[in-house]
Amino acid sequence: LLGLIIMGFGLWIVYDQQSFINTVVIDGNVELTIPAYALVGIGSITCLVSLFGCLGASKEVRCLLAVYFICLVGLLVAQVAIGTVVYINKEKINNKLNGVAFNIIKSYWNLSTEDPLHTWRLWDSIQQKFNCCGLNGTEDWKDNVYICDQATYPDITYPCSCFNNSSSVQKDHNNTQFCISSPTFAIAEQGCEMHIKDWLQANMSVILAVCVAIAVFEVNGFILWICTHECTHVHSLAVATHTQL
Numbered sequence: 001l002l003g004l005i006i007m008g009f010g011l012w013i014v015y016d017q018q019s020f021i022n023t024v025v026i027d028g029n030v031e032l033t034i035p036a037y038a039l040v041g042i043g044s045i046t047c048l049v050s051l052f053g054c055l056g057a058s059k060e061v062r063c064l065l066a067v068y069f070i071c072l073v074g075l076l077v078a079q080v081a082i083g084t085v086v087y088i089n090k091e092k093i094n095n096k097l098n099g100v101a102f103n104i105i106k107s108y109w110n111l112s113t114e115d116p117l118h119t120w121r122l123w124d125s126i127q128q129k130f131n132c133c134g135l136n137g138t139e140d141w142k143d144n145v146y147i148c149d150q151a152t153y154p155d156i157t158y159p160c161s162c163f164n165n166s167s168s169v170q171k172d173h174n175n176t177q178f179c180i181s182s183p184t185f186a187i188a189e190q191g192c193e194m195h196i197k198d199w200l201q202a203n204m205s206v207i208l209a210v211c212v213a214i215a216v217f218e219v220n221g222f223i224l225w226i227c228t229h230e231c232t233h234v235h236s237l238a239v240a241t242h243t244q245l
């Protein structure tokens, strides 16, 4: 059951279309999803290891119990390695996420690119949810391909999701995803970088917490293995003694 929960959690992180991690994969930074894929692998192996443990305990097969113990040790080492890698590289991961965000801003609603629509909608939802605009602020949008091409008003056009009340803002006639700035409608001046950092920290904390929880269960598994191994050994001696008699 624990293995299925771990595997399901990893699959949810990787394949959730509303998750920023899915956008990271699309942008080519597959290495950022390694912890999530590792959770899927650990969950699958945990299910298999549990099967060995159950068979070994029920059938009193010491060979299967030995395999169970070796696999538990391997899983524990893998989890410690994953947690260490995530913790050491958290700043590098954050920088890569910033790079992904800049790429989204640059290509935002530029239909000549092959970026999927849900990537841009996800960025819209981030800006609307946290009332922010751009990564570091509104200045980031001057690098957007569409805004750069607008010779008429390159400095007053922003995504409608940047406005506090996007439903009432005058939309750009050439691209309805952009709205025209005016003194009447306020734009969120704060960038989204801190919110993305908070999102990253929250996901890392969850992954580390899952690894710790699994480690606790595995320590219990070690104790169970020792008890089962000793009981099996004693039972084998008893059977051998009885046979000789």
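Numbering (the numbering used here), first residue to last: 1 to 245. Ideal placement from N, C-alpha and C gives every residue a C-beta, glycine not left out.
Under DSSP, Y158 forms a beta bridge with C179. In the DSSP assignment, I187 forms a beta bridge with F163.
S161 is the residue among A188, T157, S161 and I82 whose C-alpha sits nearest the C-alpha of R121. Between the alpha carbons of W141 and V86 lies a distance of about 31 Å. By the CB criterion at 7 Å, Y108 and N164 fall outside the cutoff.
Taking the Cα positions, N174 is about 13 Å away from P159. A straight line joining the alpha-carbon of Q127 with that of F178 spans about 13 Å. Unbroken alpha helix (DSSP H) stretches of 4 residues or longer found wholly inside the stretch 94-146: 117-130, given in chain order. Counting only the Cα atoms, I45 lies some 47 Å from A188. Going by C-alpha positions, N220 is about 12 Å away from V73.
Between C132 and Q201, the C-beta spacing is not below 7 Å.
Counting the other Cβ atoms within 10 Å of the Cβ of Q79 gives 16 or more, which makes it buried. Approximately 13 Å separates the beta-carbon atoms of V40 and L75; this is outside 8 Å, ruling out the contact. Closest option to N103, judged by alpha-carbon separation, among L135, L4, F217 and V212: L135.
With a 10 Å radius around the Cβ and a threshold of 16 neighbouring Cβ atoms, L97 comes out buried. K171 has C179 as its beta-bridge partners, per DSSP.
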